[in-house]
Every structure is written in C-alpha cells, then in structure tokens.
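Position 113, counted from 1, in the sequence shown is what this note's numbering calls 180; the numbers after and before it change by one each time, with no gaps.
Ideal Cβ placement from N, Cα and C applies to all residues, glycine included.
All figures in this text were calculated on a predicted structure; none of them were measured in a lab.
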Amino acid sequence: MQLELDAEFKGHRTISPFRELGAYETLWKDSKANFKTIAEKFADKPGAVPSDFVSHEEADTNAEYVFEKLHAGVTKFGVRVHGAAEYPEKLRDARHPIELLYYQGWWDLVNSKSVAVVGTRNPTEEGQARTRKLVKALVADDYTIVSGLAKGVDTITHTTAMEQGGRTIAVIGTPLSHTYPKDNIDLQKEIANNFLLISQVPVIRYESQDYRYNRLFFPERNKTMSALTEATIIVEAGETSGTLIQARAALEQGRKLFILDSCFKNKNLTWPARFAEKGAIRVRDYDDIRNAFS
68 MQLELDAEFK
78 GHRTISPFRE
88 LGAYETLWKD
98 SKANFKTIAE
108 KFADKPGAVP
118 SDFVSHEEAD
128 TNAEYVFEKL
138 HAGVTKFGVR
148 VHGAAEYPEK
158 LRDARHPIEL
168 LYYQGWWDLV
178 NSKSVAVVGT
188 RNPTEEGQAR
198 TRKLVKALVA
208 DDYTIVSGLA
218 KGVDTITHTT
228 AMEQGGRTIA
238 VIGTPLSHTY
248 PKDNIDLQKE
258 IANNFLLISQ
268 VPVIRYESQD
278 YRYNRLFFPE
288 RNKTMSALTE
298 ATIIVEAGET
308 SGTLIQARAA
318 LEQGRKLFIL
328 DSCFKNKNLT
338 WPARFAEKGA
348 IRVRDYDDIR
358 NAFS
C-alpha cells in the first residue's frame, strides 16, 4: 500500500503525517470522543496537532494498525492535517472543524469551484430527472459536483457529473476501505481513481465499536461537505432527512443554500419555508442559481 505522506512544515516545526494519522486515531479511542469534543480540545490549544495530545509511541502503533486495516481495500491514500500544507482552510468555518482527513485521488479538486447536490435516498422519478438536469447545467458552468455517495440523489449526482465529462468529489461516512451502500463499490472506486474521495471517519473507532453507532458519522460528513463547497443544493428531502443537517450547516457556515421549487410545492413539507425564512434561496429556474453566484 502506498501512502502519499511527506514531512510537512507547520511554522518552524516539521510534522509527520504518519504520526498525526496515528495520533488522530488515538484521540478517537476514547469512548466519549466525538467531533465536538475533539474540536474543543484543539480550540483550547491553538496551533496544536494531534500528536501534541498523545504519546508518539501510541500514535505510531495506531498508525501501523490503520495501515493494516486499510490495506484490505485501499492501495494508495493520503491525509491532510490542519495547519500543514494542503489542508483546506475553508473547513474552519464549520462549528466543529475536522483536524484530519483521509483521501484518495485528485486532491487539487478541493480548490476548484464546487457545489454540493444532495437529497433523499428514495427520489421520485421527477426528482431523479431534476437531479440530472441540474447537474448537467452545473457541469456546463464548470462546477465540481460534490455529494455523499449515498443511494438515490447522491448516486445520480456523481454518475451524471461523470457522464457529462465533469468533475466530482465524494465525501463518505465510512473509512476509505468501506463502501455504503455496497451497490456503490464500483462507483466509489471510479471516483477514488479518477476524481476525489474524502473521509473524516476514524478507522479504529469505526472498526471497534457497535456498528449501530457508526451511522452517526454520516450526518457529520454532511457538515464537512457543506464547508468544502460554495453552496448546497437540495433536490428532494423529507421532514427527517439527514440532508437538512447539511442545510443548517450551510447557512451557519455562510454558504449559499438552494432549494428546488418542487420542495416548496409539496404541501406535506414544512422545512422548505423554514429554511427560506433563514436565507435559503428558492430555485424556480437554473438562472436563479446562476444569478445568486453572480
């Protein structure tokens, strides 16, 4: 397995991405750890890196363990550490910023003009058609298309972007070596090989805890997806959809939030009007998106 990890400089100190990977994983071995508590730890110590909180020996041991776990399905990957080169500073707009990301593929895509397209796992036929039409227009306007590789709107979003000759980023809710849903294993490999696949999920925690708790990583990745992009566009979503977590995050982070007109026309939904009152933009036509950016 090849790891894209060279020594990086933070101020006047050299950091080892290998060690920081292991230290990040060590922090997550605390059963009470979550993205909030870890973010608070770093907020209390500005300029810190993960290895400032754990022993180097434990960090290196856990890094080796992660290598073994990832080796099952990953041949090449990299990490990005807050404060070191290539870390996307726009992630700091999140309420609980991520300190370390795993990735596969074309990292420079994080610096491209990008929009997240998200929605329900069970879209209507009309919703599927709207997703394809929207993504085609965004690709034509040279946006990188970001989504979460879930069933439904996410899958249509990624596949349409690639079919149109565009660029896509998948931000997943599992470690790089896992795929959810399983049906998307080939799609995940294609994105990892030709575009960009990102995960913030700690490998050891994911592998060791009850699988039912791992579902909590999915809504957290929505917040990161929002922070990485200039805007989030919601195609279809129910009242309890995880998509609404990303909607809240987008407004909180100062990103644009677009909601397709069809959501407002569904009399069973109350969330579109609530978000519109908070600043979301109702999209009756693609020009509404184009005009908002201009």
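Cβ neighbour criterion (16 or more within 10 Å) applied to Ile-301: The residue is buried, with at least 16 neighbouring Cβ atoms inside 10 Å.
Status (buried if at least 16 other CB within 10 Å, exposed otherwise) for Ala-139: When all chains shown are included, Ala-139 counts as exposed.
Residue span of the alpha helix (DSSP H) that contains Tyr-210, given as start and end: No alpha helix (DSSP H) holds Tyr-210; DSSP gives it neither H nor E.
Lys-323, DSSP secondary structure in three states: Three-state result, Lys-323: strand.
For Val-182, the three-state DSSP class (helix, strand or coil): The answer is strand: DSSP assigns Val-182 an E or B state.
C-alpha gap between Gly-219 and Val-185, whole angstroms: A straight-line Cα-Cα distance of about 9 Å links Gly-219 and Val-185.
Nearest candidate by alpha-carbon position, reference Arg-315, set Glu-297, Lys-345 and Ser-98: Measuring C-alpha to C-alpha distances from Arg-315 to each of Glu-297, Lys-345 and Ser-98 identifies Lys-345 as the nearest.
Straight-line gap, Arg-370 to Gln-171 (C-alpha atoms, nearest Å): Missing from the structure shown is residue 370; the chain here goes from 68 to 361 and no further.
Where Asp-354 sits in the DSSP three-state scheme: Asp-354 falls in the helix class under three-state DSSP.
Selected residue, minimal CA-CA separation from Ser-181, among Ser-308, Glu-135 and Arg-322: That would be Arg-322, whose Cα lies nearest to the Cα of Ser-181.
With 16 other Cβ atoms within 10 Å as the buried cut-off, status of Arg-197: That one is buried.
CB of Lys-157 within 8 Å of CB of Ala-294, strictly: Yes. Within cutoff.
Backbone secondary structure at Phe-262 - three-state DSSP: Note: Phe-262 maps to coil in three-state DSSP.
Any 3 or more C-beta pairs closer than 8 Å across the segment 142-156 and the segment 232-242: Contact between the segment 142-156 and the segment 232-242 is absent: fewer than three C-beta pairs spanning the two stretches fall below 8 Å.
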